[in-house]
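2 protein chains.
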Amino acid sequence: MAPTPTSTRSWILANYPHGVPTFSTADDNSTFKLVEQALPDLKPNQVLVKVLFLSNDPAQRGWIDPSIPAERLYIKPVELKASMAARGLAEVIASTSDRLQIGTIVQGPVGWNEYGVLGEADCTPRQPLPNGLSLTHYMGAFGIPGLTAYYGLVVVGGAKGGQKVVVSGAAGAVGNMVVQIAKNIVGCSEVIGIAGSDEKCRWVESLGADKCLNYKSPTFEDDLIKATEGFVHVYFDNVGGSILDLMLARMAKNGVVIACGSISGYNSGKPTLLKNYFQLISMRLSIRGFIASDYLSKAQEIGKLFVQALRDGKLKISDEMEQVVATNFEDVPRTWLKLFEGANTGKLITRIVE
Amino acid sequence: MAPTPTSTRSWILANYPHGVPTFSTADDNSTFKLVEQALPDLKPNQVLVKVLFLSNDPAQRGWIDPSIPAERLYIKPVELKASMAARGLAEVIASTSDRLQIGTIVQGPVGWNEYGVLGEADCTPRQPLPNGLSLTHYMGAFGIPGLTAYYGLVVVGGAKGGQKVVVSGAAGAVGNMVVQIAKNIVGCSEVIGIAGSDEKCRWVESLGADKCLNYKSPTFEDDLIKATEGFVHVYFDNVGGSILDLMLARMAKNGVVIACGSISGYNSGKPTLLKNYFQLISMRLSIRGFIASDYLSKAQEIGKLFVQALRDGKLKISDEMEQVVATNFEDVPRTWLKLFEGANTGKLITRIVE
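These protein sequence lines are chains A and B, in that order.
Using numbering that gives the first Met the number 0, you'd call the opening residue of the first sequence number 0 and step up by one each time.
Using numbering that gives the first Met the number 0, you'd call the opening residue of the second sequence number 0 and step up by one each time.
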């Protein structure tokens with residue numbers, strides 16, 4: 000058995016980013032810096048974990064944006080010199096907790112660390128999933144992204160059977176679940192996805208979308224107008240920016256925009272620019288922001304609903320829906336930055352390799 | 000008795016405006032042009048009216064904006080060569096209607112005409128108001144603006160007793176009613192107005208606002224932050240633009256923005272620019288557009304509620320709350336344009352004089 004580590008490598012927040020975050024193993028001016036730091040001794044009811052997988056989420060960009068006051072964020076922002084915050088899956092390698100034995104796989108706020116000390120209360124032990132699915136789906140369909148899709152679409156947006164729905168970021172971790180929930184659980188009459196490549200679009204259509212449009216196509220704006228003839232009841236917005244603006248002109252009277260993310264603006268620092276804002280008024284639209292953590296009390300219930308839907312063939316969840324990138328610890332920020340390149344299909348997950 | 004007129008002077012929409020609309024009695028290139036046109040003979044159940052008062056409403060700017068497709072407007076847009084659309088009060092001077100006798104004062108879609116022919120169904124005969132108030136209040140507190148204030152604040156926004164409310168355009172026809180309804184009918188704990196001059200602000204405070212801030216003050220942004228310590232549950236937005244953006248950063252968790260107007264952008268053609276859009280998500284805000292005409296079925300009920308509130312001293316409605324501008328017919332567009340100069344306090348009304 001390997002000796003218990005007493006220190007860890009960590010990617011810390013060295014400087015607040017301007018635009019696209021940077022990283023370096025040496026340069027003190029980059030956003031993230033690789034350091035070696037001592038691990039504290041375990042207090043009662045704590046565990047020492049080895050980080051296996053990291054969840055990569057667009058929202059993490061907001062946690063390191065100094066222009067957003069801490070009181071206006073839904074989580075504590077990352078402090079300078081602290082490890083970059085991230086959720087992930089880890090293996091317990093030492094424990095003072097009766098509940099969490101060595102060898103248990105837990106999900107929790109592991110951060111960008113190789114090893115870390117977590118409180119028992121912050122760790123959720125994870126059991127195997129049906130169909131032999133990888134545990135990493137606890138960071139996707141069976142985790143916050145799936146909960147986000149359900150809470151946003153059904154509870155916040157009030158989507159109903161027979162409605163026409165558009166989803167941007169449709170090939171992402173949240174978006175692909177929105178497509179499937181809308182079409183196969185809620186019974187929406189038409190579900191149109193928007194994604195960033197023809198390949199992604201075909202994949203989204205394979206999940207049940209009636210159509211998926213590539214926003215990088217030169218004919219995208221015309222394609223969107225054509226696909227939304229008769230207008231749209233619910234727009235699940237994962238991207239913000241110019242697609243949100245276009246959609247304001249394509250909503251039916253009393254339509255609802257579910258504001259889940261605005262990734263298009265996260266690194267540009269550019270404001271959201273709405274030429275069609277007047278139509279929010281004239282068409283009696285509403286834009287509704289939400290945060291899935293408000294719905295955590297229902298996570299177990301929704302998890303069961305998804306398992307049943309999976310068994311009934313109403314959800315397609317497969318390991319192909321994740322993009323698990325084997326990553327040396329030195330490259331953890333590099334993998335995370337793929338989020339903002341529109342490069343990933345499904346949930347982007349970092350698997351830490353040695 | 001004067002002979003019944005067979006023609007009328009009218010301000011027609013000669014060209015769609017770019018930026019601030021222009022007007023001329025002669026120039027064919029201006030937005031509005033003064034013309035003389037024949038009046039049609041009365042068909043059954045019609046009236047010939049002499050226009051006495053015109054209602055001036057920011058929303059009229061949207062009715063002549065060619066960039067907004069007709070299907071995305073809540074009223075039929077004004078066609079080129081047609082009289083500019085406007086509601087107003089008029090006196091019946093000839094009638095083929097059993098219901099509307101000569102001499103009756105009616106409210107209806109009179110347009111920018113000296114005389115006009117209206118169908119009986121388009122005319123609402125108007126009875127005297129309590130306290131000897133001028134009939135023009137049927138275009139203000141007892142008309143669409145009052146209904147807009149109530150519907151927006153109470154029904155769409157769901158404002159409740161004990162909440163903190165901010166209202167922009169607080170010295171306008173809708174805004175001053177929002178202030179009074181919030182403070183004296185709904186029982187909000189704190190009501191903060193925003194208006195365009197110190198004089199307007201003092202007037203808004205005299206109506207019951209706890210505070211009113213002048214957005215033209217160099218310290219406005221700091222003043223607003225200070226006045227909204229603890230954050231705001233409901234923002235009634237009559238102006239859009241940069242004040243909307245500022246308010247997104249001042250809303251409490253789950254706060255509601257009631258989107259009633261965006262006058263700041265009507266003539267500039269500038270898009271709405273939101274630097275704080277992310278806070279819509281992080282603070283779970285919603286922005287809700289609405290149009291008061293959806294609530295017309297309740298107009299009588301709300302009118303009664305206002306009359307009772309007036310008697311109970313919970314509403315201050317006086318002729319001072321209107322700005323009635325005696326206007327030669329040649330100057331009808333000039334008076335309307337005052338709306339966009341931030342010059343009017345209370346409802347801006349045109350009284351046509353000869």
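Glycine is no exception: its CB is placed at the ideal position from the N, C-alpha and C atoms.
From a predicted model like this one, the values you see are computed outputs, not experimental measurements.
Quick one: what's N327 (chain B) bridged to in DSSP? In the DSSP output, where bridge partners are listed per residue, N327 (chain B) has B:V352.
Chain B within 8 Å of R86 (chain A), Cβ atoms only: Not closer than 8 Å to any Cβ of chain B, the Cβ of R86 (chain A) fails to qualify, so no.
Using a beta-carbon distance cut-off of less than 7 Å, what residues from the segment 272-285 of chain B approach chain A? Contact residues of the segment 272-285 of chain B toward chain A are L272, L273, K274, Y276, F277, Q278, L279, I280, S281, M282, R283, L284, S285 (C-beta to C-beta distance below 7 Å).
Using a C-beta cutoff of 8 Å, does P57 (chain A) count as contacting chain B? Nearest CB-CB separation between P57 (chain A) and chain B: not below the 8 Å threshold.
For chain B, check one thing: does any of its Cβ atoms lie closer than 8 Å to the Cβ of D293 (chain A)? It does: the Cβ of D293 (chain A) has a partner Cβ on chain B nearer than 8 Å.
Name the residue from A:L309, A:G168, A:G239 whose alpha carbon lies nearest to the alpha carbon of K269 (chain A). With distances taken between CA atoms, K269 (chain A) lies nearest to A:G239 out of A:L309, A:G168, A:G239.
Please confirm if A298 (chain A) has its CB atom under 8 Å from at least one CB of chain B. Nearest CB-CB separation between A298 (chain A) and chain B: not below the 8 Å threshold.
The segment 305-312 of chain A in contact with the segment 300-320 of chain B per 3-pair CB rule at 8 Å: Fewer than three Cβ pairs drawn from the segment 305-312 of chain A and the segment 300-320 of chain B lie within less than 8 Å of each other, which leaves the two stretches out of contact.
Is the Cβ of S29 (chain B) closer than 8 Å to any Cβ of chain A? So, not an interface residue.
Sequence-distant residues of the same chain with beta carbon closer than 8 Å to I63 (chain B), five excluded per side: Only L12, Y15, P16, P20, T30, P76, V77, M83 meet the Cβ criterion.
Beta carbon proximity, G288 (chain B) to chain A, threshold 8 Å: Chain A contact via Cβ: present.
By the criterion of Cβ-Cβ separation under 8 Å, what are the contact partners of I67 (chain A) in chain B? What I67 (chain A) touches in chain B: F277, Q278, S281.
For chain A, check one thing: does any of its Cβ atoms lie closer than 8 Å to the Cβ of G168 (chain B)? The Cβ of G168 (chain B) sits no closer than 8 Å to any Cβ of chain A.
On a CA-only basis, which of B:V256, B:F289, B:T227 is nearest D236 (chain B)? Give me that one, please. Of B:V256, B:F289, B:T227, the residue nearest in Cα terms is B:V256.
Expected contact under 8 Å - CB spacing of P43 (chain B) and T95 (chain B) to nearest Å: Confirmed, about 5 Å.
Helix, strand or coil at G192 (chain A) [DSSP, three-state]: In this structure, G192 (chain A) counts as strand in the three-state DSSP scheme.
Within-8 Å CB hit, P270 (chain A) to chain B: Taking Cβ atoms only, chain B reaches closer than 8 Å to P270 (chain A), which makes this a yes.
Going by beta-carbon coordinates alone, are T334 (chain B) and N55 (chain B) separated by less than 8 Å? T334 (chain B) places its beta carbon less than 8 Å from that of N55 (chain B).
Residues of chain A with a CB under 7 Å from the CB of G239 (chain B): which are they? By Cβ distance, chain A contributes Y276.
Leaving out five residues on either side along the sequence, give the residues of the same chain with a beta carbon under 7 Å from the beta carbon of V173 (chain A). If we look at V173 (chain A) and ignore the five residues flanking it on each side, its Cβ neighbours are P144, T147, A148, N237, C259.
Reference P124 (chain B), options B:V153, B:E90, B:L152, B:N130, closest by Cα: Considering only B:V153, B:E90, B:L152, B:N130, the residue with the shortest C-alpha distance to P124 (chain B) is B:E90.
If you drop the 5 nearest sequence neighbours on each side, which residues of the same chain put their C-beta closer than 7 Å to that of N275 (chain A)? Closer than 7 Å at Cβ, skipping near neighbours: D244, L247, A248.
Report the residues of the segment 71-100 of chain A with a CB closer than 7 Å to any CB of chain B, ordered along the chain. Residues R71, L72, Y73.
Cross-chain neighbours of G360 (chain A) in chain B, by beta carbon under 8 Å: What is shown of chain A runs 0 to 353, which leaves residue 360 (chain A) out entirely.
Return the chain-ordered list of same chain residues with a C-beta closer than 6 Å to the C-beta of V166 (chain B), the five sequence neighbours on each side being excluded. The residues are G174, V177, V178, G192, F235.
Can you list, in chain order, the residues of its chain whose CB lies under 6 Å from that of Q106 (chain A), leaving out five sequence neighbours each side? Excluding sequence neighbours, Q106 (chain A) sits near L88, T123, R125, Y137.
Comparing alpha-carbon positions, which option in A:G131, A:D27, A:F328, A:I92 lies nearest P354 (chain A)? There is no way to answer for residue 354 (chain A), as the model of chain A reaches only from 0 to 353.
Under the three-state reduction of DSSP, which class applies to E198 (chain B): helix, strand or coil? Of the three classes helix, strand and coil, the one that applies to E198 (chain B) here is helix, per DSSP.
Which class does S296 (chain A) belong to by DSSP, given the choice of helix, strand or coil? DSSP, reduced to helix, strand and coil, places S296 (chain A) within a helical segment of the structure shown.
Simplified DSSP state of Q162 (chain A), which is helix, strand or coil: Of the three classes helix, strand and coil, the one that applies to Q162 (chain A) here is coil, per DSSP.
If we cut at 8 Å on Cβ distances, does G156 (chain B) have a partner in chain A? Judged by the 8 Å Cβ criterion, G156 (chain B) is not in contact with chain A.
Close Cβ partners of L41 (chain A) (< 7 Å) along its chain, the five nearest in sequence each way excluded: Closer than 7 Å at the Cβ level, and outside the excluded window around L41 (chain A), lie L47, A93, T95, V116.
Would you call A169 (chain B) buried or exposed, if buried means 16 or more other Cβ atoms sit within 10 Å of its Cβ? By the Cβ-count criterion, A169 (chain B) is buried, with 16 or more other Cβ atoms from all chains shown falling within 10 Å of its own Cβ.
Within 8 Å (strictly less), CB to CB, does A251 (chain A) reach chain B? So, not an interface residue.
Supposed contact pair S281 (chain A) and R86 (chain B) - C-beta distance, whole angstroms, cut 8 Å: Beta-carbon to beta-carbon, R86 (chain B) and S281 (chain A) are separated by about 17 Å, too far to satisfy the 8 Å threshold.
Along chain A, in chain order, which residues have C-beta atoms closer than 7 Å to that of A248 (chain B)? Taking the beta carbon of A248 (chain B) as reference, the chain A residues within 7 Å of it are R71, listed in sequence order.
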